[in-house]
Structure formats: C-alpha cells, structure tokens
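Undergrad:
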Amino acid sequence: MTTRDQMLANIKANQPSVLPLPTQFTFVSAFPDLTRQFVDILTFVGGTAVLLPDMDAVKKHLQEQYIGLSSIATTVPALASLSDMKLDVADPHELAGLNLAIIEGPLAVAENAAIWVDEHQLPQRVVPMITQQLVIIIRQSTIVPNMHDAYKQIQVDATGFGTFICGPSKTADIEQSLVIGAHGARSLLVCILP
Amino acid sequence: MNQLSLDHAGAAIEFNKNEPRVDWHDETLWFVRTKRDRAAAQVPEWEQLREAASQIKNYSLSNMHDLLEQFEQNAIKNGITVHWAADADEHNKIVHGIIQKAGADRMVKSKSMLTEECHLNDYLTRHGIEVIDSDLGERIVQLRGEPPSHIVLPAIHLTKADVGDTFHKHLGTDAGATDPQYLTEAARQHLRDTFLTRKVALTGVNFAIAETGGFVVCTNEGNADMGVHLADVHIAAMGFEKVIPRAEHLGVFLRLLARSATGQPITTFSSHFHRPRPGQEMHIVIVDNGRSRQLGRPDFRNSLKCIRCAACLNTCPVYRRSGGFSYHSAVAGPIGSILAPNLDMKLNADLPFASTLCGSCSNVCPVKIDIHDQLYKWRQVLMQEGYGPGSKTAAMKTMATVLESPRLYRMAGKIGRGVLRFAPVTVENKFNPWYTQREMPEPPAESFRDWYINNKKS
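Top to bottom, those sequences are chains B and G. For the first sequence, this note's numbering begins at 1 and goes up steadily by one. For the second sequence, this note's numbering begins at 195 and goes up steadily by one.
#1: Rounded to the nearest angstrom, what separates P77 (chain B) and A158 (chain B) at their Cα positions?
#2: Would you kindly work out how many angstroms separate the C-alpha atoms of P20 (chain B) and Y253 (chain G), rounded to a whole number?
#3: Does the Cβ-Cβ distance between V596 (chain G) and A588 (chain G) come in under 8 Å?
#4: Helix, strand or coil: how does DSSP classify M258 (chain G) here?
#5: Could you say which of G:P341, G:A282 and G:I334 lies nearest to G185 (chain G) if we only look at CA atoms?
#6: How is the alpha helix (DSSP H) around R139 (chain B) delimited, first residue to last?
#7: Please say whether D493 (chain G) and Q568 (chain G) have beta carbons closer to each other than 8 Å?
#8: For A404 (chain G), which residues of its own chain have a beta-carbon under 6 Å away from its beta-carbon, when the five flanking residues on both sides are left out?
#9: Assign E213 (chain G) to one of three DSSP states: helix, strand, or coil.
#10: From W572 (chain G) to R514 (chain G), what does the alpha carbon distance come to, in whole angstroms?
#11: Quick check on N557 (chain G): buried or exposed, where buried means 16 or more other Cβ atoms within 10 Å of its Cβ?
#12: Is the Cβ of K354 (chain G) closer than 8 Å to any Cβ of chain B?
#13: Listing by chain order, which chain D residues have their CB less than 7 Å from the CB of R4 (chain B)?
#14: Would you mind sorting C552 (chain G) into buried or exposed? The rule is 16 or more other CB atoms within 10 Å of its CB.
#15: Under 8 Å, Cβ to Cβ, is there at least one residue of chain G near I170 (chain B)?
#16: Could you tell me the alpha carbon to alpha carbon distance between R453 (chain G) and M7 (chain B), rounded to whole angstroms?
#17: Is V190 (chain B) closer than 8 Å to I136 (chain B) when the C-beta atoms are compared?
#18: Helix or strand or just coil, what does DSSP make of T75 (chain B)?
#19: Going along the chain, which residues of its own chain have a beta-carbon closer than 6 Å to the beta-carbon of H384 (chain G), five neighbours each way excluded?
#20: Does the pairing of the stretch 221-236 of chain G with the stretch 499-509 of chain G give three or more beta-carbon distances under 8 Å?
#21: Can you say whether P638 (chain G) is buried or exposed, counting buried as having 16 or more other CB atoms within 10 angstroms of its CB?
#22: Which two residues bound the contiguous beta strand (DSSP E) that contains E475 (chain G)?
#23: By DSSP, does A344 (chain G) sit in helix, in strand, or in coil?
#24: So, does the CB of V45 (chain B) fall closer than 8 Å to a CB anywhere in chain G?
#25: Does P32 (chain B) have its Cβ less than 8 Å from a Cβ in chain G?
#26: Taking contact to mean at least 3 C-beta pairs separated by less than 8 Å, is the stretch 332-352 of chain G in contact with the stretch 154-169 of chain B?
#27: Whose C-beta lies closer than 8 Å to the C-beta of P348 (chain G) among residues of the same chain, with five residues either side of it excluded?
#28: Quick check: the Cα distance between T2 (chain B) and P123 (chain B), rounded to an integer number of angstroms?
#29: Can you list, in chain order, the residues of its chain with a C-beta nearer than 8 Å to that of N648 (chain G)? Leave out the 5 residues immediately preceding and following it.
#30: Using three-state DSSP, classify L34 (chain B) as helix, strand or coil.
#31: When we look at the beta-carbon of V561 (chain G) and count the other beta-carbons within 10 Å, is it buried (16 or more) or exposed?
#32: Take the Cβ of I67 (chain B) as the centre, count every other Cβ of all protein chains shown within 10 Å, and call the residue buried at 16 or more, exposed below.
#33: In chain G, what lies closer than 7 Å to R36 (chain B) by C-beta?
#34: For D91 (chain B) and T48 (chain B), I'd like the C-alpha separation in whole angstroms.
#35: Rounded to a whole number of angstroms, what is the C-alpha to C-alpha distance between F642 (chain G) and D281 (chain G)?
#36: Should the stretch 267-277 of chain G be called in touch with the stretch 367-374 of chain G, which here means at least 3 C-beta pairs below 8 Å?
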C-alpha cells in the first residue's frame, strides 16, 4: 500500500460521521460610505489613498509624487509615458531594480482595504512585492463591502495566481514595533477613480 | 540553561528569574490580545463568523477523506505535483528529494509551523542543504540558533537590544544599534539577496481548497511571495487538516484570521496559488504525522480545526508568564498543549497541566475549539496511562487516604493548624512548592467541626 493510500485509509477509518455544512456562512456589511470605509482602513494599515477624477489627474499626481524617480513600470496604457521599464519580462529577476510599479486593481474590499489582483493585472507575479513603491488604481464602483462579496465576484483560479493586497508590506517582529517596508513594497498609494 | 530540556514548570521557573523581562513579555502579549479585541468588536457578526468557521471545519474533518481526494485531483489538473508523507521523516525526505532533483543546495523558506514540527531545517542542514528562513522573526531566531517561541510572533521573547546584538554579530549592523527601522532595513537587504539567488522556495499553507485544487498563503512581509515568485521550484508543505471545501469559505476564514492574530483587518498579502508560472515547478506535500490518530480521538479531534492564529497564546495567563520555550514543542501555548500529547504522550505529559483552565483560550478561538476542556481531558488520559508527574500521583494517593477516613482527616487538620501556629518553618521553606510564591495562611484556632459542636451546645 502506498503512503497515500494508507493515509487516506487511516483518515477514512478515523473521521467522524459526516456533519452538515453551515447554512449561513456569508454576511452583509452595511457601511454608509464604501469609499470612506476603504480609505479609513487603508490609512490605518499604513497605505495612502487619493481620490482623482480621471486618468489624466492620476498621471499628473504621480508625476508630482514621484518626481525624479527612475525605474518605473506600468501596465496602464494611459500612463505609459511615465515608465522607463517593462514589466512583461521573461525572467522575474530582471525586475530587481524596479522602483515604482503602477498597476490596476479590478476589485477592492471596504471592510479591510484589500485589493484583489491576479495575472490579468500582473505580467509577473512578483511585481507587487519586488517593487520598492507600489501604486494601485481602483474605481469606486468596484469597491464591495466585505470578503464574502469579494469571493462572489472573483474566480480564484481564473489565472494561476491572485492575491489580496492590503497596504504596504510590514513587520512588527522586533519588539512589536511596527516597521513599514519589510520584504515587499515600502509604500502603497491607491488612486481611486469614480 | 537550556529550557528545552526542562519540563514546563521547571522552564517557567527559569523564565521567571528575570522579573522585569517577564512583565514586559506579559504586557506585550496582552497588548496584542487587546488589539484582537478591538478588531473583533468592529465586526458585528463576529460570533456568527466564529460559528460558521467552526462548522465548516467540523464538516471538513468529518469529510476529510473525500475532500483530500478532490483536492489532489484538482491540484494535479492544475499542474501541481502532490506528495503524501505519513510522518516527519517522510516529509523531510520528500522535500530533500525535490531540492536534489532541482540540483540545488540552498533553499529559502517562509513561515511553516509544520516544518518546525518535522525539524526540517536540522534534517536538510545535516544533508548539506542550507536553509534560510525569510520571515524576519524566524530569521532572527534562526541566527541565534533558537526555535520560534510563538507561532505568529517567533521572536517575541527577545528585546530590540537582543536583536541588535544578533544582527551586529551576523549581519554587521552597528554595535549597540536597537532602532527597529534600521534593523529591519538590514534584514531586508540581506534577505533580498537571498530571494534573488535561490532556485527553491518553500512555504507553508494556510488553507487548501478542495474545489479548485489551490492553496492560500498569508504573510505581512511579502516574504513567501518574494521567495516563490523568484524561484524555479515552489514547495508547499501542509498538514492534511488545512483543506476546506470551497473558495467561498475563504471569506469566513480570512475575515477571522488576522483579526484574531494581530488585530489587523487582513494580512498584507493573502496569496492564492493555483498553477505554477510558466517554467516553474509546484509541489504540495500533504503530511499526516499523527493527525489521523488525533482525528480518531473524539475528545481531541477538534484540535485539528486550528488555523494557527495564536489568539489562545496571547490571551493565556500561563503562556504570557512562562514564555514559548517552556512548552518544548513547535507549537506552544494552549493549542500546542492539546496537540503535543498526541505526538508524544510521555514527552509532553507536562503540557496539559500548564494551564489554569480559565477558559480564555476557548473564548477567543476563532474556530471555537474547546481548548480548556481538552486540556482537562488530556489530564485524565495522561494520569490513566501512567504519564502523570510522580509527585502529583503520590500526593493525590495520600490525600485520597486522608479524605476517605474522618478520623485521619480530623487528625491531619489538627496537626496542620498546630504546625502553622507553632512551627511555621516546617512549611515556610523552599521544599514546599506552595510557599515559593505565596504567604501561608493564618491558621484558624479551631476547625469548623469543633466550632459547630461548641456553638450547638450553648
């Protein structure tokens, strides 16, 4: 008998008789203002939010925010003129020097300021972690109240990889002192379009 | 002193010798617990979420065989290689085999309590493979040659001065530097080089999804992602109990996990892996290592519902004042104390006694494990199986003899009162464990029985 078959046989012999799945495992979150809730939580987790009317305003804002910065890459065609690097490289190691990545997020969650991105947004999976600074552009119309709503909208296996990103990378492993910028991006700016 | 060679009580005595440090440890963990409370209070349906999580896990345990088969089939369809390991040794051999096949002699690893349980690092090091732990806390304790003392906060037993000394010695930071920002930056630079140069990366698994054959890994630092997205080979190690039925159930667990752990609304990265990226290999190692035995113990199987948030550690008055190392087990605290006796009853017989049975652990558990009830039940099992501490067994037997006989009981009471009054030194000494942290009580002049008889007369 293989290890697999033996393990499964032991499990079958020892598991209790089948119990029911809960009838309720999704809940409704009633936030008066989804954008406001998202921005509050994003600020709480160390990110920054800015509400902008259109892509031109995003471009202008980013030009001002990251003045003098090089090694910038984006997947957003309208912002191509800001970039001097490519994200769709064959080898992810080529992104080691990336200073700023500007990507889009198709779905955001108000309760925890998480933004879903998958390989539709990421030419390489490592982009949101390897970049020094990260900008994600979302739309107010795609903010859902909570994680139950999020899972109703996304298909987790639509691509081979997807992740919820909530704020910049962080650690509190040294005496519980919060340090922003652990191994992933040191900052997260979320530009919110209508 | 090596705390790992002592039993819990002995190691706790060592830990308590440095009183300001114990106070600091206690307060720091309580601070994390209060953050958890604030986060939970912001979710009106918190208790219903806990109930839903508990029931999904109950269902999963009761349907484990089929869920694992379904998960395996779908993972294979996704292009993931699935391995099965009956015990720690088989797990270590499988991981070693994958590394060898990749032609590598170095690996980067993000947090996985399972690999701690299996002592993977020791095994690989003995076989000439260098392993670097990439979680900051784990890297700190690895450099010091220590195991993690907490499942979520591995270096919680250390001060920033300790970390500064360690980094000065190993990473060349300035002597005496203690600024967490500076120290974290040093680790970031050191580990960035590691991420960029390793061909094999190992991660743990927070949740495995039967319906889709994928798995979720949660980190705040982004270290799991940095490791695997830059590696040619991704190995994910999981205890079989990590499997849940469907992706939509993740909504429940991701709402509970980080809030229970650190009071964050969700971890910075909650990464869903379903297929290797082009040219990459992805492996999953599904491990038993005593879990199927625990599944067969009706009183203790619920311990397998654990999602490793560590809320029970942070709230536990004993853990906070005895430290993670006193549990001499990969998973410390209340949950570790009900998991460890299943792994080795003799070696871990002291752990279910390392509790006041106050029940706070069960009250904060996001999947509603009856932790304090199980601690109590393990005590019964361990005493019956003959693994109880010898002194306790002898004391209990003497007490039973005395309590069985009214005459002996009255005599013992009289002697006790007399001793406390006229010769307190016989109990107020270091041989009496009750006296080490307590004042002995004022002895009453007479017993209740004597008082009753005297007052009835008048």
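For each residue, glycine too, the CB sits at the ideal point set by N, CA and C.
TA: Looking at the coordinates:
#1: By one-based count along the first sequence, residue 77 (chain B) stands at place 77. By one-based count along the first sequence, residue 158 (chain B) stands at place 158. Approximately 23 Å, taken between the alpha carbons.
#2: Your numbering for residue 20 (chain B) matches position 20 in the first sequence. Your numbering for residue 253 (chain G) matches position 59 in the second sequence. About 6 Å.
#3: Locating residue 596 (chain G) in the second sequence gives position 402, where the first residue counts as 1. Locating residue 588 (chain G) in the second sequence gives position 394, where the first residue counts as 1. No, the Cβ-Cβ distance between V596 (chain G) and A588 (chain G) is not below 8 Å.
#4: Against the second sequence, residue 258 (chain G) aligns to sequence position 64. Helix at M258 (chain G).
#5: This structure gives no information on residue 185 (chain G), because the portion of chain G shown stretches from 195 to 652.
#6: Taking the first residue of the first sequence as position 1, residue 139 (chain B) is located at position 139. In the DSSP assignment, R139 (chain B) falls outside any alpha helix (DSSP H) and within the unbroken beta strand (DSSP E) covering Q133 to R139.
#7: For the purposes of this step, residue 568 (chain G) is identified with residue 374 of the second sequence, where counting begins at 1. For the purposes of this step, residue 493 (chain G) is identified with residue 299 of the second sequence, where counting begins at 1. Taking 8 Å as the cut-off, the beta carbon of Q568 (chain G) is found closer than this to the beta carbon of D493 (chain G).
#8: Indexing the second sequence from 1 puts residue 404 (chain G) at position 210. Correct list, in chain order: L261, Q264, F265, V437 and P439.
#9: Numbered from its first residue, the second sequence carries residue 213 (chain G) at position 19. Of the three classes helix, strand and coil, the one that applies to E213 (chain G) here is helix, per DSSP.
#10: Along the second sequence, read from residue 1 onward, the residue named residue 572 (chain G) stands at position 378. Along the second sequence, read from residue 1 onward, the residue named residue 514 (chain G) stands at position 320. A straight line joining the alpha-carbon of W572 (chain G) with that of R514 (chain G) spans about 22 Å.
#11: Start at 1 with the first residue of the second sequence, and residue 557 (chain G) comes out as number 363. A residue is called buried once 16 or more other Cβ atoms fall within 10 Å of its Cβ, and N557 (chain G), having fewer, is exposed.
#12: Indexing the second sequence from 1 puts residue 354 (chain G) at position 160. Interface residue (Cβ-Cβ distance to chain B less than 8 Å): K354 (chain G) is classified as such.
#13: Of the protein chains in this structure, namely B and G, none is chain D.
#14: As a position in the second sequence, residue 552 (chain G) is number 358, starting the count at 1. Burial state of C552 (chain G) is exposed, judged by a 10 Å Cβ sphere holding fewer than 16 other Cβ atoms.
#15: Translated into positions along the first sequence, residue 170 (chain B) becomes position 170. It is worth fixing the name first, because residue 170 (chain B) is Lys in this sequence and not Ile. So yes, K170 (chain B) belongs to the interface.
#16: Reading the second sequence from its first residue, position 259 is the one you call residue 453 (chain G). Reading the first sequence from its first residue, position 7 is the one you call residue 7 (chain B). R453 (chain G) and M7 (chain B): Cα-Cα distance of roughly 34 Å.
#17: Stepping through the first sequence from its first residue, residue 136 (chain B) is reached at position 136. Stepping through the first sequence from its first residue, residue 190 (chain B) is reached at position 190. Going by C-beta atoms, I136 (chain B) is nearer than 8 Å to V190 (chain B).
#18: The count along the first sequence starts at 1 and reaches residue 75 (chain B) at position 75. When DSSP states are grouped into helix, strand and coil, T75 (chain B) belongs to the coil group.
#19: Counting from one through the second sequence, the residue named residue 384 (chain G) turns up at place 190. Excluding positions up to five away in sequence, the list reads L365.
#20: In this structure the stretch 221-236 of chain G touches the stretch 499-509 of chain G; the number of beta carbon pairs closer than 8 Å is three or more.
#21: What you label residue 638 (chain G) is simply residue 444 of the second sequence in a count that begins at 1. Classification for P638 (chain G): exposed.
#22: Position 281 of the second sequence, counting from 1, holds the residue named residue 475 (chain G). Annotation for E475 (chain G): the continuous beta strand (DSSP E) segment containing it runs E475 to V481.
#23: Walking along the second sequence from the start, residue 344 (chain G) turns up at place 150. Note that residue 344 (chain G) corresponds to His in the displayed sequence, not to Ala. Residue state, collapsed to three classes: coil.
#24: Residue mapping note: residue 45 (chain B) aligns to position 45 of the first sequence, counting from 1. Residue contact with chain G for V45 (chain B): present (Cβ-Cβ distance below 8 Å to some residue of chain G).
#25: Here residue 32 (chain B) refers to the residue found at position 32 when the first sequence is read from its first residue. No, P32 (chain B) does not count as interfacial toward chain G.
#26: Judged by Cβ distances under 8 Å, the stretch 332-352 of chain G makes no contact with the stretch 154-169 of chain B, as fewer than three pairs qualify.
#27: Reading the second sequence from its first residue, position 154 is the one you call residue 348 (chain G). Taken in chain order, the residues that qualify are K305, D329, G331, E332, I334, V335 and P342.
#28: For this step, residue 2 (chain B) is matched to residue 2 along the first sequence. For this step, residue 123 (chain B) is matched to residue 123 along the first sequence. Taking the straight line from one Cα to the other gives about 40 Å.
#29: Position 454 of the second sequence, counting from 1, holds the residue named residue 648 (chain G). Beyond the five residues adjoining it in sequence on each side, N648 (chain G) comes within less than 8 Å, by CB distance, of E640 in the same chain, given in chain order.
#30: What you label residue 34 (chain B) is simply residue 34 of the first sequence in a count that begins at 1. DSSP places L34 (chain B) within a helical segment (H, G or I) once states are collapsed to three.
#31: Start at 1 with the first residue of the second sequence, and residue 561 (chain G) comes out as number 367. V561 (chain G) is buried by the Cβ-count criterion.
#32: Locating residue 67 (chain B) in the first sequence gives position 67, counting from the first residue. Classification of I67 (chain B): exposed, given that the 10 Å Cβ count is below 16.
#33: Here residue 36 (chain B) corresponds to residue number 36 of the first sequence, with the count starting at 1. Per Cβ cutoff of 7 Å: no residues; R36 (chain B) is ~15 Å from chain G at best.
#34: Along the first sequence, read from residue 1 onward, the residue named residue 91 (chain B) stands at position 91. Along the first sequence, read from residue 1 onward, the residue named residue 48 (chain B) stands at position 48. Looking at the backbone, the Cα of D91 (chain B) and that of T48 (chain B) are separated by about 30 Å.
#35: Start at 1 with the first residue of the second sequence, and residue 642 (chain G) comes out as number 448. Start at 1 with the first residue of the second sequence, and residue 281 (chain G) comes out as number 87. CA-to-CA, the gap between F642 (chain G) and D281 (chain G) works out to about 58 Å.
#36: Pairwise C-beta distances place the stretch 267-277 of chain G out of contact with the stretch 367-374 of chain G, as fewer than three of them are shorter than 8 Å.
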